[in-house]
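> Below you will find the structure I want to go over with you.
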Amino acid sequence: MRTPRNHPAWWAFVVHRVSGVALALFLPAHFLAMGLALRGEAPLDEFLRWSEQPLVVAGEWVLVMLLAAHLAGGLRLLALEFLPWRNWQKTLATLAAGFVFASGLIFVLAR
Amino acid sequence: MNPRREVVLWVAQRLTAVVLALCVIVHLVTIIYAVRGGLTAAEILARTRGNVAWATFYVIFVVAAAVHGAIGLRTVAAEWLGFRGEMAEFAMTIVGIALTLLGLRAVVAVFGA
């Protein structure tokens, strides 16, 4: 059923917002992890060994997908706001970009 | 609501979005390249230590992400939590500054200054 909240633009909005919040919350942890290199190579390496656990690897995969999703959603918004395109062209371009990106990432990450 | 501030933040959000689009593409390609065959600190630091080009890239990336993230969280806090007004502006500023400082600290760590 098509309710005001059940159409592609609404889902694009939700994905963009949720991925954005998740990335913003992840950012301090990422910066702290990379900051471990302030004390030399060993602490960073110790953290990287810890991050090889399956659950952490799965989390990293989710984060990479969230980053790609936020990028695709952001490009869609910029196109909507700044390019004089017609709606169906924007939809096609977004679908194409999303498909290419998802295919590429799945191919490389599922190696 | 201060209309002038809203315009400045709207423009800042779009400008940082354009910068971030380029940075994120580079970052994703680097991630995909770097994780092949496992990730080690030696490998990461061999790429970044003393490399001014990477350090410059990451400084731009960190500042753009901090500004973009802080403005984005401000919007979500206002629309989903009803958190707006001067306290929200203050919180956004603190988040932006904290993200910038933490990010720059990480850049210094991998650059090896």
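Going down the list, the protein sequences come from chains A and B.
Under this note's numbering, residues 2 to 112 are what the first sequence spells out, in order.
Under this note's numbering, residues 2 to 114 are what the second sequence spells out, in order.
Using N, Cα and C, we set each Cβ at its ideal position, and we do this for glycine too.
Note that the structure is predicted; figures quoted are calculated from it, not measured.
1) Which residues in chain B sit within 7 Å of Leu93(A), going by Cβ to Cβ distance?
2) Within the chosen definition, does the region 19 to 26 of chain B reach the region 55 to 74 of chain A through at least 3 CB pairs nearer than 8 Å?
3) By Cβ distance, which residues of its chain are closer than 6 Å to Gly36(A), with the 5 residues on each side in sequence left out?
4) Got a sec: which bits of the region 13 to 32 of chain A sit with their beta carbon under 8 Å from any beta carbon on chain B, in order along the chain?
5) Report the three-state DSSP secondary structure of Arg6(A) (helix, strand or coil).
6) How would you label Val96(B), buried or exposed, when you count the other beta carbons within 10 angstroms and need 16 or more for buried?
7) Kindly list, in the order they appear in chain A, the residues whose Cβ is closer than 8 Å to that of Gly104(B).
8) Which of the three DSSP states, helix, strand or coil, is assigned to Leu40(B)?
9) For the alpha helix (DSSP H) that Ala80(A) lies in, which residues bound it at each end?
10) Taking Cβ to Cβ, would you say Arg75(B) is nearer than 8 Å to Met93(B)?
11) What does Thr41(B) touch in chain A if you count any residue whose Cβ is under 8 Å from its own?
12) To be precise: take each residue of the region 57 to 80 of chain A, compare its Cβ to all Cβ atoms of chain B, and keep it if any distance is under 9 Å. Which residues remain?
13) Only counting runs of 4 or more residues, tell me where the alpha helix (DSSP H) segments fall wholly within the region 13 to 81 of chain B, in order along the chain.
14) Could you check the C-alpha separation between Val1(A) and Ala35(B) for me, to the nearest Å?
15) What residue range does the alpha helix (DSSP H) around Ala1(B) cover?
16) Can you list, in chain order, the residues of its chain whose CB lies under 6 Å from that of Ala34(A), leaving out five sequence neighbours each side?
17) When you compare the CB of Ala97(A) with every CB in chain B, is at least one pair closer than 8 Å?
18) Just to confirm my understanding: we take Trp51(A), look at its own chain, exclude 5 residues before and 5 after, and list those with CB closer than 8 Å. What are they?
19) Helix, strand or coil for Asn3(B), going by three-state DSSP, please let me know.
20) For a quick check, are the C-beta atoms of Leu100(B) and Gly73(B) less than 8 Å apart?
Once the coordinates are examined:
1) As a position in the first sequence, residue 93(A) is number 92, starting the count at 1. By Cβ distance, chain B contributes nothing, its closest Cβ being about 19 Å from Leu93(A), past 7 Å.
2) yes
3) Translated into the one-based positions of the first sequence, residue 36(A) becomes position 35. Excluding residues within five positions, none has a Cβ falling inside 6 Å.
4) Arg18, Gly21, Val22, Leu24, Ala25, Leu28, Pro29, His31, Phe32
5) Locating residue 6(A) in the first sequence gives position 5, counting from the first residue. In the structure shown, Arg6(A) sits in coil (DSSP, three-state: anything other than H, G, I, E or B).
6) Here residue 96(B) refers to the residue found at position 95 of the second sequence. The residue in question, Val96(B), is buried, as its Cβ has 16 or more Cβ neighbours within 10 Å.
7) Residue 104(B) sits at position 103 when you count from the first residue of the second sequence. Residues of chain A passing the Cβ test: Leu28, Phe32.
8) The sequence position of residue 40(B) within the second sequence is 39, counting from 1. Leu40(B) falls in the coil class under three-state DSSP.
9) Taking the first residue of the first sequence as position 1, residue 80(A) is located at position 79. Note, Ala80(A): alpha helix (DSSP H), 55 to 83.
10) By one-based count along the second sequence, residue 75(B) stands at place 74. By one-based count along the second sequence, residue 93(B) stands at place 92. Their beta carbons are under 8 Å apart, which means Arg75(B) touches Met93(B) by this criterion.
11) Here the question's residue 41(B) lines up with position 40 in the second sequence. What Thr41(B) touches in chain A: Asp46, Leu49.
12) Glu61, Val65, Leu68, Ala69, His71, Leu72, Gly75, Leu76, Leu78, Leu79
13) 42 to 49
14) Shown here, chain A extends from 2 to 112; a query on residue 1(A) therefore has no answer.
15) Residue 1(B) cannot be examined here, being either before or after the span of chain B that is shown, 2 to 114.
16) As a first step, residue 34(A) is located in the first sequence; it is residue number 33 there, counting from the start. Here the set comprises Phe48.
17) As a position in the first sequence, residue 97(A) is number 96, starting the count at 1. No, Ala97(A) does not count as interfacial toward chain B.
18) Start at 1 with the first residue of the first sequence, and residue 51(A) comes out as number 50. Same-chain partners within the cutoff: Val57.
19) On the second sequence, position 2 is the one that residue 3(B) refers to. Coil, per DSSP.
20) Taking the second sequence and counting its residues from 1, one reaches residue 100(B) at position 99. Taking the second sequence and counting its residues from 1, one reaches residue 73(B) at position 72. No, the pair does not count as a contact, with Cβ atoms beyond the cut-off.
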